[in-house]
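This report concerns only the one structure given below.
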Amino acid sequence: MARPMDAPVLVRAINVTKSFHGNQVLKGIDMEVRTGEVVVLLGPSGSGKTTFLRCINQLETIDGGRIWVDGDLMGYEDKGGVLHRLHDKKIASQRRGIGMCFQRFNLFPHKTALENVMEGPVQVKKTSKAEAEQRAIELLEQVGLGDKPAAYPAQLSGGQQQRVAIARALAMDPKLMLFDEPTSALDPELVGEVLKVMRDLAAKGMTMIVVTHEMGFAREVADRVVFMDGGVVVEEGPPSEVIGNPQHNRTRAFLSRMRQEEAAHGRPPTTVDLSDVPAE
Amino acid sequence: MSSISNDADRPGAIDARPVRHPGRWVAIAVIAVVVGMMVNSAMTNPRWNWSFAAEVMQQKPVLEGLLKGTIIGTVGAMIIGVGLGVLVAVMRLSDNPVLRYVAFAYTWFFRSMPRYVLLATMGSLGYLYPVVDLGVPFAQSLGLTFAQLDVNALSRGLMFGILGLGLSEAAYMAEIARAGILSVDKGQSEAAQALGMSPGQTMRRIILPQAMRVIVPPTGNETIAMVKDTSLLLAMSITTELFFQTQAIGTRTLKIMPAYVAACAWYLIVCSVLMVGQSYLEKYFGRGFGPMPKKTKQKITKIGADH
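Residue numbers (our numbering), protein chains in the order written: chain A, 1 to 280; chain B, 281 to 587.
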């Protein structure tokens, strides 16, 4: 599914820096994501990919650089060259168009699957309950959980919880979806069902930025792979180039480590394309 | 596989001898003897005077004291305590340093005051401020006074007592509520923020309902403690209260002990009812956290033997 490279830029990040207690995690990230594009962020742990994702919807505040989403400067207002920090409520409204899925799902445990999906539209967009409920049921069906509206998160498997979390994010009709290692906390046999929902979402043209270690997903679904290490973008390009023919040593080292782990742990090849893993 | 394929050779249902617990039978015997002695003494010593105690329990001033001072006092003080306490807890966890320090100072002051001393002091406020003008500060001469409060009269009223107990309770509730809020996973507020919820919505819709699960049990504790602390209202010269009224009958009739028994019985009854209410609240706020463990009813046959 070739996406027109002249589609409008949805996310633009320039020279983004971020430190935690003097430890610089992001050292000047530049990135552009066009509408409808699926970008996978790859990199070893500690490379800053999750932090960068969290900066996009301001769960972390950045120390330097700028991030625009759909033309809005995130977190600040530029008044004649002077930046003014936005009020919490303004920041909340900037986040409405950005859906996010977390590694640990973070469903609301005191609410049923249906109530989880309805919460955003009813509370934030002030949609009527009846309308929100109808849409929530549709979304639960879309992620394959049409039969589980009354289940509490504790009664669902990890894969089901993550799919409810995706439905919850979609209920806000986001123009951008962020996925922070959505399958890392799942048992191997549950990874496939979540990746399938994400693949369907990508096929529908959703703009997605995905932090993941699922190489098969990156290869099949991503329009572009960005490899990060040590807080900088090392290389980026189509998956066939970055994964198939990496130019940098750090990328090569990371990829071969990933392949070894995949082979060692015998990940089921449901989604992971193992064609270039040496046969054993 | 062939060696255990014959059904007759495969082990079936377990029918084992239970573990014996002779210690339990010894304990039952000891307890039975002690309880028997107590019942015997209670029935044979005429000074217990149960019938008089039952009579005291039904006296009009006692019932009035129970309803107003003890029950309304507890409910009122806990409403103030929980409401203000949650507010102070939220202030304490706020980004705003002014609110944080105010909340800290509040907790510091009211937790340091013994309730009896606090109530006695509040009861004497009329000495400092016989009359309080409500109006614009420093503008009395301009006649900008909206209302006048007679503190001397107020300070002997039940409302003032409830206020005193509530202010004190709020300091303790603030710490309980803070613990509850901190117990909620950080991912919850992040998920709410990611949906575009404001900090206030996040607190009201997501954090507090989950914090309640942790807040309710110690709040039940506080409520039961408050039932008993309403007897301190006497420090403010408030006499429509259970213990003062029963005691008054006791001293008037010289039957002190039965009067005390009447007070004890009422406190036991009120606290028992509250405990039932607490278990319902716990079930409500525990929804989504798996089924509550079913109450295993201890049958007498199970005391001697466990399977």
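The beta carbon of each residue, even a glycine, is placed where N, CA and C say it ideally should be. Remember, it's a predicted structure, so these values are computed and weren't measured experimentally.
The contact set of residue 123 of chain A on chain B, defined by CB atoms closer than 7 Å, consists of 477, 481, 485 in chain order. For residue 43 of chain A and residue 193 of chain A, the gap between their C-alpha atoms comes out near 23 Å. For chain B, the residues of the segment 169-197 of chain A that bring a beta carbon within less than 7 Å of one of its beta carbons are 172, in chain order.
Residue burial annotation: residue 308 of chain B is exposed, with fewer than 16 other C-beta atoms found within 10 angstroms of its C-beta. Relative to residue 188 of chain A, the option among A:159, A:205, A:48, A:46 whose CA is nearest is A:159. Under a criterion of Cβ atoms nearer than 8 Å, no residue of chain B is adjacent to residue 128 of chain A; the nearest Cβ is some 17 Å distant. DSSP, reduced to helix, strand and coil, places residue 261 of chain A within a helical segment of the structure shown. Counted as a single uninterrupted DSSP element, the beta strand (DSSP E) harbouring residue 29 of chain A occupies residues 23-34. In this structure, the straight-line span from the alpha carbon of residue 247 of chain A to that of residue 224 of chain A is close to 15 Å. Taking the Cβ atoms as the reference, residue 169 of chain A lies roughly 3 Å from residue 99 of chain A, within the contact range of under 8 Å. Taken through DSSP and simplified to helix, strand or coil, residue 547 of chain B comes out as helix. The beta carbon of residue 167 of chain A sits no closer than 7 Å to any beta carbon of chain B. By the CB criterion at 7 Å, residue 139 of chain A and residue 117 of chain A fall inside the cutoff. In the DSSP assignment, residue 336 of chain B falls within the alpha helix (DSSP H) that extends over 330-337.
In this structure, the CA atom of residue 33 of chain A is about 7 Å from the CA atom of residue 39 of chain A. Shown here for residue 547 of chain B: same chain residues with a beta carbon closer than 7 Å to its own, the five before and five after excluded, namely 507, 508 in chain order. Chain A places no beta carbon closer than 7 Å to that of residue 357 of chain B, leaving this residue out of the contacts. For residue 59 of chain A, the nearest beta carbon of chain B is closer than 7 Å to its own beta carbon. Interface criterion met: the Cβ of residue 88 of chain A is under 7 Å from a Cβ in chain B. Between the beta-carbon of residue 190 of chain A and that of residue 157 of chain A there is about 6 Å, and that keeps the pair under the 8 Å contact cut.
For residue 76 of chain A, the enclosing beta strand (DSSP E) stretches over residues 76-79.
Counting every other CB atom within 10 Å of its CB across the protein chains shown gives residue 349 of chain B a total of 16 or more, marking it as buried. If you draw a 10 Å sphere on the C-beta of residue 154 of chain A, you find fewer than 16 other C-beta atoms in it, and that means exposed. Of the candidates B:553, B:554, B:522, the residue whose Cα lies closest to the Cα of residue 338 of chain B is B:522. Three or more Cβ pairs closer than 8 Å define a contact, and the segment 486-497 of chain B meets that threshold against the segment 450-462 of chain B. From the listed residues A:37, A:81, A:28, the smallest Cα separation to residue 62 of chain A is found for A:28. When the beta-carbon positions are compared, residue 103 of chain A and residue 184 of chain A come within less than 7 Å of each other. Where residue 42 of chain A is concerned, the enclosing beta strand (DSSP E) starts and stops at 38-42. Judged by DSSP secondary structure, residue 116 of chain A falls within the alpha helix (DSSP H) whose first and last residues are 113-123. Not flagged as an interface residue toward chain A: residue 521 of chain B, since no C-beta distance is shorter than 7 Å. For residue 304 of chain B, no chain A residue has a C-beta closer than 7 Å to its own C-beta; the minimum C-beta separation is roughly 36 Å. Contact fails between the segment 428-446 of chain B and the segment 379-388 of chain B, because fewer than three Cβ pairs, one in each stretch, are under 8 Å apart.
Closest by C-alpha distance to residue 109 of chain A, out of B:558, B:536, B:537, B:487, is B:487.
A Cβ of chain B is located within less than 7 Å of the beta carbon of residue 108 of chain A.
When DSSP assignments are scanned along the segment 285-316 of chain B, no uninterrupted stretch of beta strand (DSSP E) that is 3 or more residues long falls wholly within it. For residue 389 of chain B, none of the residues of chain A pass the 7 Å Cβ criterion, the least Cβ distance being about 30 Å.
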